[in-house]
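Enquirer: Below you will find the structure I want to go over with you.
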Amino acid sequence: MTRILATVFVALLVVTAPVTAAVGPTPTGGTASSLDSAEQETPDEISWVTTGADSTAETTTKGPDLGSALAMGDEQFENRIELGALEREFQNADSTEEKESLLDAYREEVGERTIALHEREAAITEEYRAGEIDSDTLLRDLAELSEEARTLSNTADTIEELSATDPRISVSVRNVRGELDRFDSPIRQEALDATYGDADRTEPILLSAAEERLVLSTLEDGTYVREGVQFDRFAPDEPGTFDGLTELDDRGPELYPWIYANLFEFGISGYDWLIGLSLDHPRGQSMSYIDATTQDVVMEYHTLDVESLPTTSTVSRTNENVTISSNRVTDGGPVWVEVTDPDSGDPMDASISVEGQHSVETDEDGTAWVLAPEGDVDVTATTDEGEVSITVRDPSS
């Protein structure tokens with residue numbers, strides 16, 4: 001099936017699918033699954049993109065970056081000039097055919113530049129994995145790619161607006177929207193805000209890279225945000241492979257079994273290369289972009305209540321002055337830590353670090369959630385009374 005037909009199928013789902021509360025696994029079309037939920041073994045964990053225990057992983061923070069902000073400002077200025085020239089050329093065109101040809105050429109350029117964004121993102125991730133750039137540079141470059149995607153979206157908006165001025169012109173940019181939208185995420189938005197000085201993020205951001213994989217995660221005020229990209233799952237030059245509504249309808253529960261087994265509501269966006277799934281569930285919200293050819297996740301992000309996530313069993317260790325207790329969310333999720341006085345059991349103030357990365361202070365109750373890479377990790381609590389460390393296992397690694 002061609003990508004155009006795949007887009008038609010998704011568009012039909014958007015029109016016909018009711019938004020319902022789900023009991024048991026619910027496919028993307030909104031109808032109840034024919035399988036009895038009691039007969040299915042649904043994992044308790046939320047499925048997400050992972051990079052493996054051998055990945056390159058570091059934490060970093062993001063603050064104002066004048067050089068990057070100026071560079072992005074220059075690009076925005078050049079885009080405004082370019083769009084002004086497009087509007088004048090469109091108005092001065094002698095015929096409808098000439099206008100349509102002009103808009104079609106700009107649409108083609110937007111599509112090519114969008115694919116180039118994917119390629120550049122994969123390239124800078126590989127540079128980070130190879131040790132050629134550090135986590136600060138990777139995060140800066142990712143923010144700049146997101147800003148460039150927004151600039152291309154502005155061009156797409158102008159093409160759409162000009163096309164709408166003449167009913168005889170048929171130039172649609174709808175199919176490029178998903179490819180550009182997927183560069184926008186809560187973590188990248190925060191990085192952009194910090195770059196421009198609109199927000200100075202002090203909490204660490206964990207970046208983890210493996211071959212053809214990138215994961216970013218943050219943790220703030222009890223909210224865990226995790227973004228994952230799978231570069232090799234994007235196949236823009238290949239035909240779509242969904243054979244019909246049923247196959248497309250079943251793919252979501254295969255990718256996210258726990259979410260679909262507990263789904264509140266969902267939305268589907270149909271695009272040419274990517275299909276967007278917006279999912280609300282008891283643990284938060286998830287957004288996923290699935291390639292119409294590989295039928296796999298290209299990019300996803302989850303905004304989750306960290307306290308709602310299942311964890312491993314708690315392990316503890318005590319030295320003369322401090323007791324540390326800890327568990328973790330598997331597959332590279334965060335680590336929970338509690339630090340107490342070994343005699344009284346009272347909470348203690350402590351700085352917590354995982355694998356020597358950025359430290360986090362415990363709350364008044366002596367607990368903290370801390371970002372952690374995949375695999376077994378060493379957790380260290382530093383207090384006025386001394387230091388104690390413990391190894392927390394990740395059974396999924």
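Be aware that the sequence shown starts at 1, since it is given in full-length UniProt numbering, and climbs by one per residue.
Just so it is clear, CB atoms sit at the ideal spot from N, CA and C, and this is done for glycine as well.
Just so it is clear, the structure is predicted and the values come from calculations on it, not from any experiment.
Could you compute how far the alpha carbon of residue 338 sits from the alpha carbon of residue 54?
Expert: Cα-Cα distance, rounded: 27 Å.
Enquirer: Report the three-state DSSP secondary structure of residue 183 (helix, strand or coil).
Expert: Residue 183 falls in the coil class under three-state DSSP.
Enquirer: Around the C-beta of residue 208, are 16 or more other C-beta atoms found within 10 angstroms, so that it is buried, or is it exposed?
Expert: Label assigned to residue 208: buried.
Enquirer: Since residue 324 sits in a beta bridge, which residues does DSSP pair it with?
Expert: In the DSSP output, where bridge partners are listed per residue, residue 324 has 317 and 339.
Enquirer: Report the start-end ranges of each alpha helix (DSSP H) in the stretch 97 to 180 that is 4 residues or longer and not cut off at the edges.
Expert: Within the stretch 97 to 180, the complete alpha helix (DSSP H) runs of at least 4 residues are 135 to 163.
Enquirer: Between the C-alpha atoms of residue 285 and residue 277, what's the straight-line distance to the nearest angstrom?
Expert: Using only the alpha carbons, I get a separation of about 11 Å.
Enquirer: Our contact map puts residue 143 next to residue 192 with C-beta atoms below 8 Å; I'd like the distance itself, whole angstroms only.
Expert: Going by Cβ atoms, the distance from residue 143 to residue 192 rounds to 5 Å, so yes, they are a contact pair.
Enquirer: Is residue 88 buried or exposed, if buried means 16 or more other CB atoms sit within 10 Å of its CB?
Expert: Answer is exposed; the Cβ neighbour count stays below 16.
Enquirer: Report, in whole angstroms, the separation of the C-beta atoms of residue 238 and residue 219, which I expect to be a contact under 8 Å.
Expert: With 8 Å as the limit, residue 238 and residue 219 do not qualify as a contact, their Cβ atoms being about 37 Å apart.
Enquirer: Are residue 159 and residue 138 closer than 8 Å when you measure CB to CB?
Expert: Not closer than 8 Å, so no.
Enquirer: Under 8 Å by Cβ, that's how I've got residue 279 and residue 256 pegged, so tell me the actual separation to the nearest angstrom.
Expert: Indeed they touch by this definition, with Cβ atoms about 7 Å apart.
Enquirer: Take the Cβ of residue 363 as the centre, count every other Cβ of all protein chains shown within 10 Å, and call the residue buried at 16 or more, exposed below.
Expert: It counts as exposed.
Enquirer: Classify residue 107: buried if its beta carbon has 16 or more other beta carbons within 10 angstroms, exposed otherwise.
Expert: Buried: at least 16 other Cβ atoms inside 10 Å.
Enquirer: With a threshold of 16 other CB atoms inside 10 Å of the CB of residue 259, please say whether the residue is buried or exposed.
Expert: Label assigned to residue 259: buried.
Enquirer: Measuring CA to CA, which of 290, 292, 282 and 154 is closest to residue 303?
Expert: The candidate whose alpha carbon is nearest that of residue 303 is 282.
Enquirer: Please state if the CB of residue 128 and the CB of residue 51 are separated by a distance shorter than 8 Å.
Expert: No; because the gap between Cβ atoms is not below 8 Å, this pair is not in contact.
Enquirer: Going by other Cβ atoms of all chains shown within 10 Å of its Cβ, with 16 needed for buried, is residue 80 buried or exposed?
Expert: Counting Cβ neighbours within 10 Å, residue 80 comes out exposed, since fewer than 16 surround it.
Enquirer: Pull the bridge partners of residue 368 from the DSSP assignment, please.
Expert: Partner(s): 337.
Enquirer: Return the CA-CA distance between residue 233 and residue 183, expressed in angstroms with no decimal places.
Expert: About 15 Å.
Enquirer: Figure out for me which residue from 263, 163, 175 and 300 has the closest Cα to the Cα of residue 226.
Expert: Minimum Cα distance to residue 226 is reached at 300.
Enquirer: Do you know how far the Cα of residue 228 is from the Cα of residue 330?
Expert: Spanning the two alpha carbons is a distance of roughly 15 Å.
Enquirer: Does DSSP put residue 375 in a helix, in a strand, or in coil?
Expert: Reduced to three states, the DSSP call for residue 375 is coil.
Enquirer: Looking at C-alpha atoms only, which residue of 269, 140 and 317 is the closest neighbour of residue 178?
Expert: Taking only the C-alpha atoms, the option nearest residue 178 is 269.
Enquirer: Per DSSP, what kind of secondary structure is residue 387 in: helix, strand or coil?
Expert: Three-state DSSP puts residue 387 in a strand.
Enquirer: Under a Cβ-count criterion, where at least 16 other Cβ atoms within 10 Å of its own Cβ denotes burial, should residue 391 be classed as buried or exposed?
Expert: The residue in question, residue 391, is exposed, as its Cβ has fewer than 16 Cβ neighbours within 10 Å.
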